[in-house]
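Engineer:
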Amino acid sequence: MTALLKKNLANIFTITRLILAVWLVFLAFNGSQLILMFLIVIVCGVLDALDGWTARRLNAVTRFGAFIDRLADKIFICPLLIILAWRYWPNIAIVSPLKLLTEGLVALIILLEIFLMISGVIGAIKGLDISSNKWGRAKMVFQSAAVLGWFLMLILDQYFPRRIFGETLISSAYILLNLFLLVAIGLAVKSLEGYWQRWQNFSR
């Protein structure tokens, strides 16, 4: 592996994920190709794991890479969750009473992500380490799992006959994605605490 490729491989993964995230948001906004969107979510998750692992493994962690990684995360999660909560709901009875809860969880995640992004920009300007901490990485895993579960729920609802699955599997996916969102909120708070500690150490 050449030195140039070694230095930029993680960023290549991140930029590819960023492009796929933008494409995914476009597809979701236009309301088509659920299976393709589901596959893109999986690829984005794999690339997210690869870019961080590669950067640490090859000792190629940079401020640019950390910033673009966080940007890709926000573009992947925030617009997508907003669009999903706005227009993508399965036609099952369990959704109606719990829909408001899901929308509230999504709104809280968006607010936390905006706060994290603002703190990241300020940190980058100040020269602070803005790379994801362990809580942030875990948060992204659960957020991605929630998005994946949402698309799986929609695919089951649209493409598979109810006589095979009934509503049980779809309802289970819906409950599971809400649990993932709840865990992601808790991890986002822990991530904020971690960045606050970095800020305090940096300011001393």
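In the numbering used here, the protein residues as written are 1 to 204. The C-beta atom is built at its ideal place from N, Cα and C for all residues, glycine as well. Since the structure is predicted, the reported quantities are computational estimates derived from the model, not experimental observations.
#1: Closest to residue 120 by CA distance: which of 97, 147 and 192 is it?
#2: With DSSP run on the structure shown, which of helix, strand or coil describes residue 62?
#3: Which one of 35, 103 and 148 has the shortest CA to CA distance from residue 158?
#4: Helix, strand or coil, according to DSSP, for residue 67 in the structure here?
#5: Considering only residues of the same chain and omitting the five flanking positions on each side of residue 184, which have a CB-CB separation below 7 Å?
#6: Between the Cα of residue 207 and the Cα atoms of 47, 122, 81 and 15, which residue gives the shortest distance?
#7: In or out: residue 72 buried (at least 16 other Cβ within 10 Å) or exposed?
#8: Among the residues of its own chain, which have a CB less than 6 Å from the CB of residue 18, if the five just before and after it don't count?
#9: With distance defined between alpha-carbon atoms, name the residue in 174, 41, 58 and 56 nearest to residue 154.
#10: Thinking C-beta only, is residue 21 closer than 8 Å to residue 55?
#11: My understanding is that residue 28 touches residue 84, with C-beta atoms under 8 Å, so please give their C-beta distance in whole angstroms.
#12: Express the C-alpha separation of residue 186 and residue 74 in angstroms, rounding to a whole number.
#13: What does the alpha-carbon distance come out to for the pair residue 148 and residue 43?
#14: Just mark residue 26 as buried or exposed, buried being the case when its beta carbon has 16 or more other beta carbons within 10 Å.
#15: Terminal residues of the continuous alpha helix (DSSP H) containing residue 224?
#16: Between the Cα of residue 113 and those of 47, 49, 156 and 190, spot the shortest distance and give me the residue it belongs to.
#17: Let me confirm a value: residue 2 is counted as buried when at least 16 other C-beta atoms fall within 10 Å, else exposed. Which label applies?
#18: Cα separation between residue 126 and residue 97?
#19: Check the C-beta distance from residue 47 over to residue 13 and give it rounded, since I have them as a contact under 8 Å.
#20: Where residue 194 and residue 70 are concerned, what is the direct C-alpha to C-alpha distance, given to the nearest angstrom?
Structural biologist: Reading it off the structure:
#1: Ranking the options by Cα distance to residue 120, first place goes to 192.
#2: Coil, per DSSP.
#3: 35
#4: Three-state DSSP puts residue 67 in a helix.
#5: In its chain, beyond the 5 residues on either side, 109, 139, 142, 143 and 146 have a beta carbon closer than 7 Å to the beta carbon of residue 184.
#6: Because the chain is modelled from 1 through 204, residue 207 falls outside the range shown and cannot be assessed.
#7: buried
#8: 72
#9: 174
#10: no
#11: 7 Å
#12: 17 Å
#13: 11 Å
#14: exposed
#15: The question about residue 224 has no answer here: the residues shown for the chain are numbered 1 through 204.
#16: Its Cα nearest to that of residue 113, the residue 190 stands out among 47, 49, 156 and 190.
#17: exposed
#18: 46 Å
#19: Residue 13 and residue 47 do touch by the CB rule: their CB atoms are close to 5 Å apart, below 8 Å.
#20: 15 Å
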